[in-house]
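Here the sequence shown is numbered in UniProt numbering, starting from 1 and rising by one per residue. Beta carbons are placed, not taken as given, at the ideal position from N, Cα and C, and that holds for glycine. Following: one structure in structure tokens, then a few remarks.
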Amino acid sequence: MQLFPFGHATHPQWPMAAGLVLAQLRAQMALRDYASAPTLGLLYITDHYAAHAQDILDHLSAELPEVTDWSGTVGVGIASSNVEYFDEPALAVMLCAIPSDQYRVFSGVAPLGSGEGMGFEPYTALVHADAGTPDVSELIAEMAGRTATGYLFGGLASSRSDVVQFAVGGNGNMRGQGKARGVYSGGLSGVAFGEGVALVSRVTQGCQPIGHQRSITEADGNVLVTLDGEPALDVLLEEAGISLEQPQQAMATLRGTLVGLTEAGADVMGRAGTFGTDVVVRHIIGLDPARRAVAVASRVEAGMRMAFCQRNAQAARADLTRICAEVREELEPEELPRTVAAALAAPEAQSAPSPERRIAGAVYVSCAGRGGPHFGGPSAELQIVRRALGDVPLVGFFAGGEIARHHLYGYTGVLTVFR
Numbered sequence: 001m002q003l004f005p006f007g008h009a010t011h012p013q014w015p016m017a018a019g020l021v022l023a024q025l026r027a028q029m030a031l032r033d034y035a036s037a038p039t040l041g042l043l044y045i046t047d048h049y050a051a052h053a054q055d056i057l058d059h060l061s062a063e064l065p066e067v068t069d070w071s072g073t074v075g076v077g078i079a080s081s082n083v084e085y086f087d088e089p090a091l092a093v094m095l096c097a098i099p100s101d102q103y104r105v106f107s108g109v110a111p112l113g114s115g116e117g118m119g120f121e122p123y124t125a126l127v128h129a130d131a132g133t134p135d136v137s138e139l140i141a142e143m144a145g146r147t148a149t150g151y152l153f154g155g156l157a158s159s160r161s162d163v164v165q166f167a168v169g170g171n172g173n174m175r176g177q178g179k180a181r182g183v184y185s186g187g188l189s190g191v192a193f194g195e196g197v198a199l200v201s202r203v204t205q206g207c208q209p210i211g212h213q214r215s216i217t218e219a220d221g222n223v224l225v226t227l228d229g230e231p232a233l234d235v236l237l238e239e240a241g242i243s244l245e246q247p248q249q250a251m252a253t254l255r256g257t258l259v260g261l262t263e264a265g266a267d268v269m270g271r272a273g274t275f276g277t278d279v280v281v282r283h284i285i286g287l288d289p290a291r292r293a294v295a296v297a298s299r300v301e302a303g304m305r306m307a308f309c310q311r312n313a314q315a316a317r318a319d320l321t322r323i324c325a326e327v328r329e330e331l332e333p334e335e336l337p338r339t340v341a342a343a344l345a346a347p348e349a350q351s352a353p354s355p356e357r358r359i360a361g362a363v364y365v366s367c368a369g370r371g372g373p374h375f376g377g378p379s380a381e382l383q384i385v386r387r388a389l390g391d392v393p394l395v396g397f398f399a400g401g402e403i404a405r406h407h408l409y410g411y412t413g414v415l416t417v418f419r
């Protein structure tokens with residue numbers, strides 16, 4: 001297994017940042033352990049470069065002619081191994097060495113399925129989406145249905161300016177693409193992977209439940225009316241320790257209180273009192289004192305299960321460490337060759353990228369409301385990943401919503417590694 005070349009840089013002028021990234025990529029492609037002829041590029045830029053998206057893609061494509069396929073998007077922040085770039089001009093690239101018959105780039109003008117009849121069956125998919133697209137949650141679920149496993153990973157682009165996505169297939173000659181040059185706005189795009197691409201993916205929740213799991217016994221649209229037969233507002237006030245007689249303090253607590261929801265019959269709680277992987281977290285958007293009800297930013301139905309929760313940095317750190325440990329555990333065989341054991345046991349200072357770590361590359365998509373500040377310092381979130389996995393090739397972005405399986409999450413991180 002060869003490592004995926006990757007590079008990242010920041011500079012006020014995008015050509016300088018691109019030059020620094022290209023230098024890193026070319027240096028790695030000349031090394032024995034790295035792929036020398038990758039064909040799929042993943043490109044993430046911060047919104048400072050959004051207006052130059054087409055120029056950046058054209059430049060990278062010209063400088064790396066062997067890379068015939070590109071996918072990516074924009075974020076208010078982007079990530080690479082051990083570093084986060086927030087509110088500064090930056091870009092990150094990872095070049096994936098995957099057999100050309102094991103992936104397809106798709107977009108709104110060249111949807112997944114345009115490769116039918118070519119012997120390709122999508123098993124999983126990396127998905128980038130525009131939050132402004134109508135019914136985006138339904139489109140994500142529909143996209144999951146087009147894959148054999150139903151598993152998607154990715155996120156919603158986040159930007160304070162242009163919202164752009166990159167999608168180029170086969171030297172730009174993707175069926176249905178027409179005169180488009182690979183930069184799109186709106187809809188969904190990404191890369192579908194075949195059965196031969198081995199992935200391990202986990203979701204980490206950024207919120208800590210503050211009460212018990214409850215069943216929704218009465219709902220009205222997006223309004224929780226009763227929970228286990230009790231008025232929803234009364235349950236919220238009790239579990240959050242809120243008194244409406246102290247409105248300022250109550251509002252401060254309510255702003256940090258959310259609702260974790262899951263389907264009927266599914267458990268809200270996972271390991272050690274944390275949320276399970278099927279839980280989606282949504283904002284509380286209003287209170288109805290007359291009905292003693294609580295309005296949330298999602299449609300709810302009687303029979304669904306829920307728990308109130310709060311954003312908690314300590315719980316977020318612990319849960320991120322947990323999913324990294326689960327990834328390592330799944331990648332490690334029961335009996336380790338000496339070279340693998342030595343690589344995994346190396347201290348952080350010696351944790352250079354190595355094929356023995358059994359990770360060719362990784363993609364990490366985290367909520368734009370997380371990142372270093374939520375974890376205690378600049379780049380703290382990515383440093384947790386590095387300490388757990390080693391200095392593996394990694395790129396990603398900070399999203400306006402995170403995608404895993406057929407769900408659209410919030411306040412989560414989605415870590416996916418290529419085996």
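Between Val327 and Val395, the C-beta spacing is not below 7 Å. With contacts defined as CB atoms closer than 7 Å, Val93 and Leu43 qualify as a contacting pair. In this structure, the beta-carbon distance from Ala232 to Val268 does not fall below 7 Å. Around the C-beta of Glu402, 16 or more other C-beta atoms lie within 10 Å, and the residue is accordingly described as buried. Counting only residues of its own chain and dropping the five nearest sequence neighbours on each side, Ala250 has a CB closer than 7 Å to the CB of Ile242, Ser243, Leu244. If you look at Ile285, you'll find it in the beta strand (DSSP E) that goes 280-288.
If you draw a 10 Å sphere on the C-beta of Ser80, you find 16 or more other C-beta atoms in it, and that means buried. With a minimum length of 4 residues, the unbroken runs of alpha helix (DSSP H) contained wholly in the region 130-176 fall at 136-145. Around the CB of Met16, fewer than 16 other CB atoms lie within 10 Å, so the residue is classed as exposed. Contact annotation, Leu60 with Gly72: C-beta distance approximately 10 Å; criterion of less than 8 Å not satisfied. For Thr10, the enclosing beta strand (DSSP E) covers residues 6-10. Here DSSP, grouped into helix, strand and coil, assigns Met251 to helix.
Judged by DSSP in its simplified three-state form, Glu88 adopts coil rather than helix or strand. In this structure, Leu408 is the residue among Thr412, Leu408, Arg419 with its C-alpha nearest to the C-alpha of Tyr151.
Annotation for Leu20: the continuous alpha helix (DSSP H) segment containing it runs 14-29. The three-state secondary structure of Phe375, taken from DSSP, is helix. Burial check for Gly77: the Cβ neighbour count within 10 Å reaches 16 or more, so the residue is buried. Residue range 214-220 is occupied by the beta strand (DSSP E) that includes Ile216, with no alpha helix (DSSP H) assigned at that position.
Nearest to Ala53 by C-alpha distance, out of Arg317, Val191, Val163, is Val163. Of the other Cβ atoms in all chains shown, 16 or more fall within 10 Å of the Cβ of Leu320; this residue is therefore buried.
C-alpha of Pro38 to C-alpha of Glu329: approximately 28 Å in a straight line. Contact between the region 292-311 and the region 180-199 is absent: fewer than 3 CB-CB pairs across the two stretches fall below 8 Å. Using a Cβ distance threshold of 7 Å, Val105 and Val235 do not count as a contacting pair.
Under the three-state reduction of DSSP output, Ile384 falls in the helix class. A check of alpha carbon separations from Ala167 across Ser189, Ala315, Arg146, Leu156 identifies Ser189 as the nearest. Where Leu244 is concerned, there is no enclosing beta strand (DSSP E), because DSSP gives it neither an H nor an E.
According to the DSSP secondary-structure assignment, Met304 is paired through a beta bridge with no residue. Scanning its chain for C-beta atoms nearer than 8 Å, with the 5 sequence neighbours on each side dropped, one finds around Leu25 the residues Pro5, Phe6, Gly7, Leu64, Val93, Leu95, in chain order. Rounded to whole angstroms, the gap between the alpha carbons of Asp220 and Glu301 is 7 Å. Residue range 412-418 is occupied by the beta strand (DSSP E) that includes Val417. By the neighbour-count criterion, in which 16 or more other beta carbons inside 10 Å mark a residue as buried, Glu88 falls on the exposed side. CA-CA distance, Gly260 to Gly410, rounds to 10 Å. Take the alpha-carbon of Leu258 and the one of Ala50: they are about 32 Å apart. If you draw a straight line from the Cα of Gly19 to the Cα of Thr274, it comes to about 43 Å.
Excluding its 5 nearest sequence neighbours in each direction, His48 has C-beta neighbours in its own chain below 7 Å: Glu88, Pro89, listed in chain order. Rounded to the nearest whole angstrom, the CA to CA distance from Ala62 to Glu332 is 39 Å.
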